[in-house]
Each structure stands twice: as C-alpha cells, then as structure tokens.
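Comments concern the structure below.
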Amino acid sequence: MTRTPVATVRTAVDVPLRFADGYATTARVHTFTGLADGREHLALALGDWQRGTPLVRPHSECLTGDVFGSERCDCGPQLREAVERIATAGGVLLYLRQEGRGIGLYAKLDAYALQDRGLDTYEANLALGRAEDERDYTAAAQMLTALGVDRIDLLSNNPDKAAQLQAHGVRVARRVPTGVHLSAANAAYLRAKRDHTSHTLDLAG
Numbered sequence: 002m003t004r005t006p007v008a009t010v011r012t013a014v015d016v017p018l019r020f021a022d023g024y025a026t027t028a029r030v031h032t033f034t035g036l037a038d039g040r041e042h043l044a045l046a047l048g049d050w051q052r053g054t055p056l057v058r059p060h061s062e063c064l065t066g067d068v069f070g071s072e073r074c075d076c077g078p079q080l081r082e083a084v085e086r087i088a089t090a091g092g093v094l095l096y097l098r099q100e101g102r103g104i105g106l107y108a109k110l111d112a113y114a115l116q117d118r119g120l121d122t123y124e125a126n127l128a129l130g131r132a133e134d135e136r137d138y139t140a141a142a143q144m145l146t147a148l149g150v151d152r153i154d155l156l157s158n159n160p161d162k163a164a165q166l167q168a169h170g171v172r173v174a175r176r177v178p179t180g181v182h183l184s185a186a187n188a189a190y191l192r193a194k195r196d197h198t199s200h201t202l203d204l205a206g
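For the sequence shown, counting from 1, position 122 maps to 123 in the working numbering; every step adds exactly one.
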C-alpha cells in the first residue's frame, strides 16, 4: 500500500445544483488543504452519504463536455448521471481538475486535432509527447480519507481508478458501471477506451 499524505477539509458549504434538464439537488461542497498535487479539487457530498457504504465517482474535469455539451466524449452525460445516482444512493462526487486525462485543456484540443487526422484518443496524447493517461488519484484518496471514508462503492468503468484508490488505502467494496452514453460523435472514443484500457463498456461492434 502506498503511504498517502494527510489532507484536511478546508471549507464545507451547501450549494444548490440544477441541471439543464431540470434535475435539482443540493451538494455539500468540500475544499481541502494539503492535497498532493496542489490543485483545487472538490468533493460534493450528496444524499445520505455518511450512512453505509457511499457511492463515489471520481470525475475528471472536462470543460468541453461538462459545460459546453461536447459530444466528442461522454463526460457531460456521465456527470449528470453520477450526480443523480449518488444523491439517491448517498455518496460523494469527486470533481478532479484533470482536464484531458491530466494533460490540460489546450493539449486536449491539440489531441482532438490529431484525432481528426485518424489517431485515437490515446495515440494522440502520445503523439504530443504526453502519456496516454497522466491522471493520479492520490488527491482523490486524500479527499475521501479527510471525509472519513475508507470503503466505497466505486461508480466508474475505469479499472485504473479502482487500482489506484486501493493502493492508497481506500477499499473498493464494489465496482458499479456508469451508463453507456454512445453517440455517432463519440463512438470511436468509447471503443478506444474499451479496447485499449479495458473500460467496462458494452458497445455494439
């Protein structure tokens, strides 16, 4: 098990949420001091999150998908789905500032341009001289520990999230897949995730 530095809760405040389709809930939003990567990650506690095993989704920030509704990925629909499922079950959404699988917004858009020339999402990152996936979930584990959470049901299709969290002492009791938000615009992207990094995605073809 990896020794994980200690972080503490800095601020906790209630924030009413409302999505474009009308779904509304309230999140207890936590900020932190001492996160390993120094970034401003958020933990949104939803529903009765302190009872039983919380449902947790580490969601990497995606400005194009989360805010502008880009259909090149499935991030926006996954975020919307996760908030409602977590609010119903009780749990925590970790909103992680890891744009473009950790390479940043501009580099992600550079990778999009390479994908338009035929590379898949992982090949494009490599062509830019970056790793296929630069995300590190140390801060995610720190946030959960600071909230007193050491055992979770993990809402994710990505096996690497489970492996990294468990390496930092967070027990993943159960992996819960997200829905498959398939469209003509993101089909190749989702296939690459399924075939290249073993995401649990049930896609036709």
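The C-beta atom is built at its ideal place from N, Cα and C for all residues, glycine as well. Small disclaimer: the values here were computed from a predicted structure and weren't measured.
Alpha carbon of residue i to alpha carbon of residue j, nearest angstrom
i: Arg-19; j: Thr-26; result: 7 Å
i: Leu-156; j: Pro-78; result: 14 Å
i: Gly-66; j: Asp-75; result: 7 Å
i: Leu-97; j: Gly-91; result: 19 Å
i: Gly-170; j: Asp-151; result: 7 Å
i: Val-7; j: Asp-22; result: 38 Å
i: Leu-251; j: Ala-142; result: No answer is possible for residue 251: it lies beyond the span of the chain, which begins at 2 and ends at 206.
i: Leu-129; j: Gln-51; result: 42 Å
i: Val-68; j: Asn-158; result: 22 Å
i: Gly-103; j: Ala-37; result: 14 Å
Identified DSSP bridge partners for residue i
i: Tyr-96; result: Leu-43, His-60
i: Pro-17; result: Thr-27
i: Thr-65; result: Answer is none; Thr-65 lacks a bridge partner.
i: Ile-153; result: Val-173
i: Thr-9; result: Thr-34
Proximal residues to residue i (C-beta, below 7 Å), its chain only, five neighbours per side dropped
i: Val-84; result: Leu-18, Thr-26, Leu-47, Leu-94
i: Leu-127; result: Glu-133
i: Asp-15; result: Thr-27, Arg-29
i: Ser-199; result: Only weak support exists for where Ser-199 lies, its pLDDT of 41 falling under 50; the coordinates are left without a value.
Buried versus exposed, by CB contacts within 10 Å (16 or more), residue i
i: Glu-62; result: buried
i: Gln-165; result: buried
i: Leu-106; result: exposed
i: Arg-118; result: exposed
i: Thr-179; result: buried
i: Ala-140; result: buried
Residues near residue i by beta carbon distance below 8 Å, same chain, minus five either side
i: Thr-9; result: Phe-33, Thr-34, Gly-35, Ala-147
i: Thr-89; result: Gly-48
i: Val-57; result: Ile-87, Gly-92, Val-93, Leu-94, Leu-95, Leu-145, Val-150, Ile-153, Asp-154, Leu-155, Leu-156
i: Glu-100; result: Ser-61, Glu-62, Cys-63, Leu-64, Leu-106, Lys-109
Cutoff 6 Å; reference residue i; Cβ partners in own chain excluding five residues on either side
i: Ala-125; result: Ala-112, Leu-115, Gln-116
i: Arg-40; result: Arg-98
i: Gln-167; result: Val-173
i: Arg-11; result: Thr-32, Phe-33, Thr-34
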